[in-house]
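Heads up, the thing below is written out as structure tokens.
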Amino acid sequence: MFDGNHVQTGAGRYFQCHGALKRLGQEAADYGERILILFGDETVKAKTGKRIEESLQDQGLQYTELVYEGPSTREGFLRVAEKIKKFQAQVIVGVGGGRILDIAKGASDLADIRVFTAPTSAATCAAYAVLYVEYGEDGRLAQSCFMKHETSGVLADLDYILDDCPLRYFASGLVDAMAKNPEFIFTSLCLGDAGKIPPVEAAVRIARYTYDKYLESGRQAVEDFRNKADSQLLDDIVNMNIMMTGLISNLSVGGKSLALAHNYYDAICCLHHEIRKNFLHGELVGMALPMQIYVNGGTEEEIRTLQSFLKDMEVPVTLEDVGFPRDEKALEELVEYIYRVTHYEDEGLKKKIREGMEYLKATNW
286 MFDGNHVQTG AGRYFQCHGA LKRLGQEAAD YGERILILFG DETVKAKTGK RIEESLQDQG
346 LQYTELVYEG PSTREGFLRV AEKIKKFQAQ VIVGVGGGRI LDIAKGASDL ADIRVFTAPT
406 SAATCAAYAV LYVEYGEDGR LAQSCFMKHE TSGVLADLDY ILDDCPLRYF ASGLVDAMAK
466 NPEFIFTSLC LGDAGKIPPV EAAVRIARYT YDKYLESGRQ AVEDFRNKAD SQLLDDIVNM
526 NIMMTGLISN LSVGGKSLAL AHNYYDAICC LHHEIRKNFL HGELVGMALP MQIYVNGGTE
586 EEIRTLQSFL KDMEVPVTLE DVGFPRDEKA LEELVEYIYR VTHYEDEGLK KKIREGMEYL
646 KATNW
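In structure tokens form, the structure reads like this:
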């Protein structure tokens, strides 16, 4: 099933509550006395630094801090790993968004130490997932890497994720997580029973549940977030964005996966760097979901329902929204890239992708 590879389905421990970061020292102390804190930027450090420092000091731990604003590249992993070795850190803690969490995970692999994650938004499942993304120095996706050890702990502090984070990040994480269900459907349509091992089947069922829950409750969750309501629904959606979606990814590691919406994101990263710089990962994945559902054979009603939902989430829904050029040649290049990296040779699929991209066009294209 897993070709002799070890199985990692989650994080060692997961905490989600107001004040979760106060537990960092207690949790990290189980793995060592020397801690490297890796912040995504100075703003994140200013928000979270005091709470982290006090928690480590309470446990008598030694620590050093590093702010790293570079991309998630091999060079970035090596630079942070060198800092780990110089300080002789036994634990690294990534604090911030998906980029810095991936860097912390990549550096922990190179230095062979334990990693904790402290997400400051619910925009990504990177805090929980056992993989991290490596980009080339040109900004293009290089590879997805699977960790030697699962994340030792996730500290999802709602004081930052809900009370001190823009709505845009919350909505982005929500629509990104929705992609799992239609992408699993597409994989099943293409591969049939291939890759249908028990963990993947479990992931499929969780993905269906979360997709339906998002459609049912996502609008109310956004309203609660906007109004700073401390609701059970918000707590549930944060958990789904980070832990449940990460769990889906982890469970599906042993099977095959085809993902058009995420391949659209990769195409934008590769062919249109300027767009990638201005939009969040989940925003770009989410806007491609109508195309994914069309290719899956979804109904017009299903597609329009999703598009209406995406608009209510205030994420981009058309190529015009993200500044994509009104150029059929550029659009064909995008379609060709998506088809090529899907690794499923079927000229009929390319035609369906091209037809599905019509849903991403503005009415006056």
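Going by my numbering, the sequence shown opens with residue 286, and the numbers climb by one from there. Using N, Cα and C, we set each Cβ at its ideal position, and we do this for glycine too.
Buried versus exposed call for residue i [16 or more other C-beta atoms within 10 Å across all chains shown]
i    : result
E568 : buried
S406 : buried
A573 : buried
P601 : buried
T328 : exposed
G438 : buried
N526 : buried
G325 : buried
G582 : exposed
G477 : exposed
D612 : exposed
D423 : exposed
D551 : buried
Alpha-carbon spacing of residue i relative to residue j, whole angstroms
i    : j    : result
P610 : Y549 : 15 angstroms
K385 : G379 : It is worth fixing the name first, because residue 385 is Ile in this sequence and not Lys. Taking the straight line joining both Cα atoms gives about 6 angstroms.
A615 : A374 : 47 angstroms
E367 : I388 : 13 angstroms
A296 : E501 : 28 angstroms
V507 : A647 : 25 angstroms
A408 : I320 : 26 angstroms
E312 : R298 : 9 angstroms
D497 : G531 : 17 angstroms
G334 : P356 : 21 angstroms
L645 : T603 : 4 angstroms
C555 : H547 : 12 angstroms
E318 : F372 : 11 angstroms
N524 : P467 : 20 angstroms
S516 : E585 : 34 angstroms
F656 : I369 : This structure cannot settle anything about residue 656, because the visible part of the chain is limited to 286 through 650.
M432 : D397 : 10 angstroms
G421 : T358 : 6 angstroms
L591 : K636 : 22 angstroms
V626 : G571 : 18 angstroms
D631 : D394 : 37 angstroms
K307 : N512 : 26 angstroms
D597 : R589 : 12 angstroms
H557 : T436 : 32 angstroms
Member of the options whose CA lies at the smallest distance from the CA of residue i
i    : options                : result
D461 : M529, L616, I322       : M529
V620 : N649, G583, L545       : L545
K390 : A408, K368, C430, R425 : C430
Y316 : S534, F401, T333       : F401
G304 : R364, L440, K330, L351 : L440
Y494 : M463, R336, L323, L518 : M463
D442 : Q347, E599, R336, I322 : R336
Y622 : L532, R425, W650       : R425
K332 : K481, R308, P404, S357 : P404
Q301 : G345, K498, D521, A314 : D521
D444 : A427, Q311, F510, C555 : F510
K330 : E354, R308, A313, L346 : E354
E618 : M598, M642, N466, H628 : M642
L309 : T358, V292, I377       : I377
H628 : L395, C475, K307       : C475
L543 : Y624, M598, L306       : Y624
CB of residue i within 9 angstroms of CB of residue j, strictly
i    : j    : result
Y454 : L565 : yes
A608 : I560 : According to the sequence provided, residue 608 is Gly. The question's Ala does not apply to it. Yes, the pair counts as a contact, with Cβ atoms nearer than the cut-off.
H434 : R490 : no
A411 : G382 : yes
I322 : T349 : yes
L518 : A487 : no
A392 : L346 : no
K533 : K465 : Reading off the sequence shown, one finds Ile at residue 533, where the question assumed Lys. Cβ distance < 9 angstroms, so I533 and K465 count as in contact.
V292 : P483 : no
W650 : E605 : yes
Residue i Cβ short of 8 angstroms to the ligand SAM heavy atom set
i    : result
H303 : As for the ligand SAM, it is missing from this structure, which has no ligand bound.
- [ ] Inspect the CB distances between the stretch 455 to 469 and the stretch 328 to 342 and report whether three or more fall short of 8 angstroms.
- [x] Contact fails: fewer than three Cβ-Cβ distances are below 8 angstroms.
Open item on the list: Under 8 angstroms: do the stretch 445 to 452 and the stretch 463 to 482 share three or more Cβ pairs, one atom per stretch?
Closed with: With a cut-off of 8 angstroms, the stretch 463 to 482 and the stretch 445 to 452 do not count as touching, because too few Cβ pairs lie within range.
TODO: Check whether the stretch 495 to 510 touches the stretch 569 to 588, counting contact only when three or more Cβ pairs, one atom from each stretch, lie closer than 8 angstroms.
DONE: The stretch 495 to 510, when compared against the stretch 569 to 588, does not touch it at the 8 angstroms Cβ threshold.
TODO: Mind the definition here: the stretch 355 to 371 touches the stretch 415 to 424 only if three or more C-beta pairs lie below 8 angstroms; say whether that holds.
DONE: The answer is yes - the stretch 415 to 424 touches the stretch 355 to 371, with three or more Cβ pairs under 8 angstroms.
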